[in-house]
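Undergrad:
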Amino acid sequence: MPSGVRACLGRRMGLLRFNKAKAMPEYVLYAYLSPAFQQTIKANTLTGATVDRLSISEFPNFPIRIPPLEEQKKVANLLGSIDKKIALNNRINAELEAMAKTLYDYWFVQFDFPDANGKPYKTSGGKMVYNATLKRDIPVGWNLKPILECCDVIDCLHSKKPESNYFSNEHYLLQLENIEDNGLLDMSVKYFVSHEDYINWTSRIEVKQHDIVMTNAGRIAAFAQIPEGIKCGIGRNITAIRPKNIKKNYFFSALSGIDIQSQIAKNLDHGAFFKSFNVKGIKLLKIIKTDNGLEDKFESLITPVIEKRQQVQHENQMLKELRDWLLPLLMNGQVTVK
39 MPSGVRACLG RRMGLLRFNK AKAMPEYVLY AYLSPAFQQT IKANTLTGAT
89 VDRLSISEFP NFPIRIPPLE EQKKVANLLG SIDKKIALNN RINAELEAMA
139 KTLYDYWFVQ FDFPDANGKP YKTSGGKMVY NATLKRDIPV GWNLKPILEC
189 CDVIDCLHSK KPESNYFSNE HYLLQLENIE DNGLLDMSVK YFVSHEDYIN
239 WTSRIEVKQH DIVMTNAGRI AAFAQIPEGI KCGIGRNITA IRPKNIKKNY
289 FFSALSGIDI QSQIAKNLDH GAFFKSFNVK GIKLLKIIKT DNGLEDKFES
339 LITPVIEKRQ QVQHENQMLK ELRDWLLPLL MNGQVTVK
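Per the numbering used here, the very first residue in the sequence shown carries number 39; after that it's consecutive.
#1: Identify, in the order they occur along the chain, each residue of the same chain with its Cβ nearer than 7 Å to the Cβ of residue 162, setting aside the five sequence neighbours on each side.
#2: Output needed for residue 248: all residues of its chain with C-beta closer than 6 Å, excluding positions within five of it in sequence on either side, in chain order.
#3: Is residue 199 near residue 257, with beta carbons less than 8 Å apart?
#4: Could you check where the beta strand (DSSP E) with residue 190 kicks off and where it finishes?
#5: Smallest Cα separation from residue 184: which of 371, 335, 374 and 318?
#6: Look at residue 69 and residue 94 and say whether their C-beta atoms are less than 8 Å apart.
#7: Could you give the first and the last residue of the continuous beta strand (DSSP E) run that contains residue 327?
#8: By how many angstroms is the C-alpha of residue 55 removed from the C-alpha of residue 343?
#9: Could you check if residue 50 is buried or exposed, using at least 16 other CB atoms within 10 Å of its CB as the buried criterion?
#10: With DSSP as the reference, label residue 279 as helix, strand or coil.
#11: Taking just the CA atoms, how far does residue 128 sit from residue 371?
#12: State buried or exposed for residue 177, treating a residue as buried only when at least 16 other CB atoms are found within 10 Å of its CB.
#13: Among 297, 295, 320 and 238, which residue has its Cα nearest to the Cα of residue 305?
#14: What residue from 84, 322, 276 and 57 has the CA that sits closest to residue 196's CA?
#15: So what's residue 261 in DSSP terms, helix, strand or just coil?
#16: Judging by CA-CA distance, which residue of 151, 67, 138 and 130 is the nearest neighbour of residue 114?
#17: Give every residue of the same chain whose Cβ lies closer than 6 Å to the Cβ of residue 290, excluding the five residues on either side of it in the sequence, and list them in chain order.
#18: Contact defined as beta carbons within less than 8 Å: I believe residue 187 pairs with residue 283. What is the distance between those atoms, to the nearest angstrom?
#19: Considering just the uninterrupted stretch of the alpha helix (DSSP H) at residue 140, what are its terminal residues?
#20: Do you know offhand how far residue 214's Cα is from residue 79's?
#21: Just mark residue 63 as buried or exposed, buried being the case when its beta carbon has 16 or more other beta carbons within 10 Å.
#22: Kindly indicate the opening and closing residues of the alpha helix (DSSP H) around residue 366.
#23: Distance check for residue 112 and residue 376, CA to CA, integer angstroms please.
#24: Which class does residue 300 belong to by DSSP, given the choice of helix, strand or coil?
#25: For the structure I just gave you, are there three or more beta carbon pairs, one from the stretch 237-246 and one from the stretch 264-271, closer than 8 Å?
#26: Could you compute how far the alpha carbon of residue 87 sits from the alpha carbon of residue 46?
#27: Is it true that the CB of residue 159 sits closer than 8 Å to the CB of residue 146?
#28: Does the stretch 351-361 come within contact of the stretch 219-229, defined as at least 3 CB pairs closer than 8 Å?
#29: Using three-state DSSP, classify residue 290 as helix, strand or coil.
#30: Kindly indicate which residue of 288, 167 and 323 has the alpha-carbon position closest to the one of residue 301.
#31: In three-state DSSP terms, what is residue 308?
#32: Answer with buried or exposed for residue 333, where buried requires no fewer than 16 other C-beta atoms within 10 angstroms of its C-beta.
#33: Identify the continuous alpha helix (DSSP H) that holds residue 78 and give its terminal residues.
#34: Just tell me which of 92, 138, 40 and 100 has its CA closest to the CA of residue 337.
#35: So if DSSP puts residue 159 in a beta bridge, which residue, or which two residues, is it bridged to?
#36: In the structure shown, what three-state DSSP assignment does residue 152 receive?
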């Protein structure tokens, strides 16, 4: 528990309070997160009628390695410093995301982009015209363009999900959980498949840099842009969008804007058990297009922000891999901190 938090336990929870003369809570937390202890938890999980559970009375008997306090402190500080850097990077990316959304909103929702004199267009009296589809005024000369006129929209295969290949780390398919809600990919876990399955599942598209992947079910219409260095297939319930006659980062930014988000809400499929947003709905989307070079100007401003977010996300991925590699070695004493 962090400092200053006062709370009570909910149902199906337990509290561990340590003798700090013997065990450092931060160290024990990492010990509990280690692969060895997670295997212990799995081995001692009791199957219930509704949910699986652990015996609270038996839990204190699950073994962990408790070295001297000084070693515990070094281990916890090392792993903690990695997690603090990851948390800092997450805050940086959240701020960059907010910056990107604010810029897009200012230019393409409020229409206060710089006019020919460098003044905010709408606020300075720029000419507007009513758009019946958006049900609001937009700048004169602008229009809505069907997404199919500027992008390829490619559905995933609807075959049975291929088996995971534990003996290869070459070919993988993106899964729903790889697509975060902030426009980034989380590649902590990759779903590797055989070469034969990969050829089959990339027969429609192998996604690459600047492509967009969007979820169809579960988390509806979550989307992310493929960063540099990634080429892979898409798994079930994912649609790929490949920008063609449109600025790639302008298009990516527009997906989170109010105009497209409102279209998504209207085009949802309402099934018996859950909602979905399938490829048919994606193909109905329309995007604001300008003809005065504004997209080029926006692209030059937004591209460094998007690339920085992707770089920070990649750094976090490397930090997580380092932490997860060190964790079991530190916990079993194979590696020590000087």
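Yeah, the Cβ is synthetic: ideal placement off N, Cα and C, and Gly gets one too.
TA: With the given structure in hand:
#1: 153
#2: The residues are 286.
#3: no
#4: 189-193
#5: 318
#6: no
#7: 324-327
#8: 44 Å
#9: exposed
#10: strand
#11: 30 Å
#12: buried
#13: 320
#14: 276
#15: Three-state result, residue 261: strand.
#16: 67
#17: 263
#18: Contact check for residue 187 and residue 283: beta-carbon distance about 7 Å, within the 8 Å limit, so the pair qualifies.
#19: 107-146
#20: 26 Å
#21: exposed
#22: 332-369
#23: Answer to the nearest angstrom: the Cα atoms are 8 Å apart.
#24: helix
#25: yes
#26: 26 Å
#27: no
#28: Output reads yes: the stretch 219-229 touches the stretch 351-361.
#29: helix
#30: 323
#31: strand
#32: buried
#33: 73-81
#34: 138
#35: Per DSSP, none; premise fails for residue 159.
#36: DSSP places residue 152 in strand when its eight states are reduced to three.
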